[in-house]
Amino acid sequence: AYNCLDRQVNTGLGDQAAIIWEGEPIGPSGRPEVRTLTYRELLRETCRLANALKSLGVRKGDIVTIYMPMVP
């Protein structure tokens, strides 16, 4: 399926930031961990997850629950 990430990458925004995540300050510097995902990286990770679910037998219409922490 063609979704919003595909559109962003195909219109030339693949290298633009899609998500900027800032964690809690860590270590002696007191600086937070910051991670940026571009539209292209987010699309790649989304496809990886979709393919992993397919390989487990998940099909269109199946209900999937994902529980995860607030990290990228």
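Here this note's numbering is used: the first residue of the sequence shown is 1152, the next is one more, and so on.
Even glycine gets a Cβ: it sits at the ideal position worked out from N, Cα and C.
Note that the coordinates shown come from a computational prediction; the quantities given were computed from them, not determined experimentally.
Applying the 10 Å Cβ sphere with the 16-neighbour rule, what's the burial state of Val1160?
As a working note, residue 1160 is residue 9 in the sequence shown. Buried: at least 16 other Cβ atoms inside 10 Å.
Is the beta carbon of Leu1188 closer than 8 Å to that of Ala1169?
Your numbering for residue 1169 matches position 18 in the sequence shown. Your numbering for residue 1188 matches position 37 in the sequence shown. Yes; because the gap between Cβ atoms is below 8 Å, this pair is in contact.
Name the residue from Glu1184, Lys1205, Asp1166, Thr1162 whose alpha carbon lies nearest to the alpha carbon of Trp1172.
For the purposes of this step, residue 1172 is identified with residue 21 of the sequence shown, where counting begins at 1. Here the closest residue by C-alpha is Glu1184.
Spatial neighbours of Val1209 within its chain, please: CB distance less than 7 Å, with the 5 preceding and 5 following residues excluded, ordered by chain position.
As a working note, residue 1209 is residue 58 in the sequence shown. Hits under 7 Å: Val1215.
So the alpha helix (DSSP H) Leu1204 belongs to, where does it begin and stop?
Along the sequence shown, one-based indexing puts residue 1204 at 53. DSSP places Leu1204 inside the alpha helix (DSSP H), whose first and last residues are 1190-1206.
Between which two residues does the alpha helix (DSSP H) containing Asp1157 stretch?
As a first step, residue 1157 is located in the sequence shown; it is residue number 6 there, counting from the start. Element bounds for Asp1157: 1155-1159.
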